[in-house]
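Protein chains: 2
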Amino acid sequence: MAAELKKYKMKLRDHGLKVTEKRMTMIELFLNEDRYLSAKEVQEQLHKTYPSLSYDTIYRNLYTLKEIEVLENTNFEGEMQFKISCSDHHHHHFICEECGNTKVIHYCPVDTWQNELDDVEITNHKVELYGLCAGCK
Amino acid sequence: MAAELKKYKMKLRDHGLKVTEKRMTMIELFLNEDRYLSAKEVQEQLHKTYPSLSYDTIYRNLYTLKEIEVLENTNFEGEMQFKISCSDHHHHHFICEECGNTKVIHYCPVDTWQNELDDVEITNHKVELYGLCAGCK
DNA sequence: TTACAAATCGTAATGATTACTTTATAATAA
DNA sequence: TTATTATAAAGTAATCATTACGATTTGTAA
Ligand SMILES: [Mn+2]
Ligand SMILES: [Mn+2]
Ligand SMILES: [Zn+2]
Ligand SMILES: [Zn+2]
Numbered sequence: 000m001a002a003e004l005k006k007y008k009m010k011l012r013d014h015g016l017k018v019t020e021k022r023m024t025m026i027e028l029f030l031n032e033d034r035y036l037s038a039k040e041v042q043e044q045l046h047k048t049y050p051s052l053s054y055d056t057i058y059r060n061l062y063t064l065k066e067i068e069v070l071e072n073t074n075f076e077g078e079m080q081f082k083i084s085c086s087d088h089h090h091h092h093f094i095c096e097e098c099g100n101t102k103v104i105h106y107c108p109v110d111t112w113q114n115e116l117d118d119v120e121i122t123n124h125k126v127e128l129y130g131l132c133a134g135c136k
Numbered sequence: 000m001a002a003e004l005k006k007y008k009m010k011l012r013d014h015g016l017k018v019t020e021k022r023m024t025m026i027e028l029f030l031n032e033d034r035y036l037s038a039k040e041v042q043e044q045l046h047k048t049y050p051s052l053s054y055d056t057i058y059r060n061l062y063t064l065k066e067i068e069v070l071e072n073t074n075f076e077g078e079m080q081f082k083i084s085c086s087d088h089h090h091h092h093f094i095c096e097e098c099g100n101t102k103v104i105h106y107c108p109v110d111t112w113q114n115e116l117d118d119v120e121i122t123n124h125k126v127e128l129y130g131l132c133a134g135c136k
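If you read the protein sequences in the order shown, they are chains B and L.
Mapped onto numbering that gives the first Met the number 0, the consecutive letters of the first sequence carry residue numbers 0 to 136.
Mapped onto numbering that gives the first Met the number 0, the consecutive letters of the second sequence carry residue numbers 0 to 136.
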């Protein structure tokens with residue numbers, strides 16, 4: 000785990016960001032919970048260690064870590080949720096609606112769609128599958 | 000247009016719902032604006048006719064009309080938005096980020112995804128394409 | 001160690017959505 | 001047509017996620 004964390008410290012430094020306790024604890028949390036977490040859940044999980052962790056700090060760091068691709072995010076169940084970035088190539092996710100665990104989907108037909116709608120320019124797309132994972136169904 | 004509206008009146012009655020002025024005016028609005036509208040936009044558009052239209056009325060009717068498949072909805076730009084239901088078969092949408100207009104996408108590889116993730120049960124999925132429509136690009 | 005920019009805290013404001021009590025209205029039957 | 005009744009809407013407050021901001025603390029480089 001220590002080597003893993005060192006990698007993230009370097010990533011922060013490479014982007015001219017400070018390596019703070021709060022940030023590293025947040026990254027550790029996301030490494031331990033490999034699923035999407037809301038700001039609220041982050042606050043609850045870190046409350047033991049940092050009883051007065053500010054929402055300002057939480058939201059700013061969630062979006063900062065997303066900028067440098069430590070986290071990825073999605074609007075799920077009406078709120079923005081974040082998870083550790085799990086892969087370097089283009090992919091999407093399956094999310095278990097029971098336990099929250101995710102699986103990577105590799106197949107993405109964005110070219111097929113661009114072909115079907117050849118008079119528009121697709122600049123972005125969202126694909127998300129929901130259901131029950133092997134353990135929950 | 001009158002025949003079109005009559006169809007929606009029947010749909011309301013078929014579901015045991017009252018045909019009210021507010022509901023019919025909301026449906027007309029969605030027929031005229033063939034794109035996703037937020038509750039706020041609905042309130043603004045209908046403010047001329049009904050200066051005191053309540054948010055309770057707007058939200059309740061948006062979800063009621065969605066239940067009976069007069070409207071479809073999506074979480075877009077951080078809020079729930081609604082549009083007139085445009086087709087009876089399974090489909091998704093392209094949304095122009097400039098003007099808000101939408102186009103139907105017919106191709107959907109949900110079977111391919113179910114095949115890729117054969118140990119999970121996909122019960123739901125979201126596909127949405129964003130970009131610039133022919134007129135805006 | 002010191003200096004300073006960046007990060008965090010504490011707290012308030014905002015904006016979307018929900019809740020609830022009172023009042024009005026559409027549907028139905030007399 | 002009128003009376004009855006359940007549904008819908010108004011008016012307003014509460015809730016929840018998110019954003020904002022001045023005061024304070026902390027990480028980093030000299
Ligand atoms: Mn991922
Ligand atoms: Mn549609
Ligand atoms: Zn894709
Ligand atoms: Zn589909």
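All C-beta atoms, glycine included, are put in the ideal place defined by N, C-alpha and C.
The model shown is predicted, which means the values in this text are computed figures rather than measured ones.
- Chain-ordered, the chain B residues with CB closer than 7 Å to the CB of Gly-130(L) read Val-119, Glu-120, Ile-121, Thr-122, Asn-123.
- Pairing Cys-132(L) with Ser-51(B), the inter-Cα distance amounts to about 47 Å.
- In this structure, His-124(B) has its CB closer than 7 Å to one or more heavy atoms of ligand 3.
- Taking 8 Å as the CB threshold, His-88(B) stays off the interface with chain L.
- Proximity of the beta carbon of His-105(B) to ligand 3 is not indicated: no heavy atom of the ligand is located closer than 7 Å.
- Here Ala-1(L) has no same chain residue with a Cβ atom under 7 Å from its own Cβ, once five neighbours each way along the sequence are excluded.
- Within a 10 Å sphere around the beta-carbon of Gly-130(B) sit 16 or more other beta-carbons, which makes this residue buried.
- For Asn-74(B), the neighbours in chain L by C-beta distance under 8 Å run, in chain order, Asn-74, Gly-77.
- Look at Leu-70(B) here: in three-state DSSP terms it is strand.
- In the three-state reduction of the DSSP assignment, Lys-39(L) falls in the helix class, which pools H, G and I.
- For the pair Ile-67(B) and Arg-12(B), the Cα-to-Cα distance works out to about 11 Å.
- Exclusion of Val-69(L) from the 7 Å shell around ligand 4 follows from its C-beta lying no nearer than that to any non-hydrogen atom of the ligand.
- At the C-beta level, Lys-8(L) and Tyr-49(L) stay beyond 8 Å of one another.
- Under the 10 Å beta carbon count, Val-18(B) is surrounded by fewer than 16 other beta carbons and is classified as exposed.
- Cys-95(B) is classed as buried because its beta carbon has at least 16 other beta carbons within 10 Å across all chains shown.
- If you check the C-beta of Cys-85(B) against ligand 1, you find a heavy atom less than 7 Å away.
- Across the set His-88(B), Asp-117(B), Ser-37(B), the C-alpha of Ser-37(B) shows the shortest separation from the C-alpha of Tyr-62(B).
- Below the 9 Å Cβ cutoff, chain B contributes Trp-112, Glu-115, Leu-116 as neighbours of Ile-104(L), in chain order.
- Listed along chain B, no residue sits closer than 9 Å to Phe-29(L) by beta-carbon distance, the nearest being about 22 Å off.
- Taking each of Asp-87(B), His-124(B), Pro-108(B) in turn and checking the Cα distance to Thr-73(B), the smallest one comes out for His-124(B).
- When the beta-carbon positions are compared, His-92(B) and Ile-104(B) come within less than 8 Å of each other.
- Counting along the chain, the unbroken alpha helix (DSSP H) around Lys-21(B) starts and ends at 20-31.
- Remark: the shortest separation between the CB of Val-109(B) and any heavy atom of ligand 3 falls under 7 Å.
- Val-126(B) is positioned such that its CB atom lies no closer than 8 Å to that of Val-109(L).
- Here Tyr-35(B) is buried, its C-beta having at least 16 other C-beta atoms within 10 Å.
- DSSP places Thr-122(L) in the strand class (E or B) of the three-state scheme.
- Distances taken from the Cβ of His-92(B) to the heavy atoms of ligand 3 include none shorter than 7 Å.
- In the DSSP assignment, the residues bridged to Met-79(L) are Asn-74(L).
- Lys-82(B) is positioned such that its CB atom lies closer than 8 Å to that of Thr-101(B).
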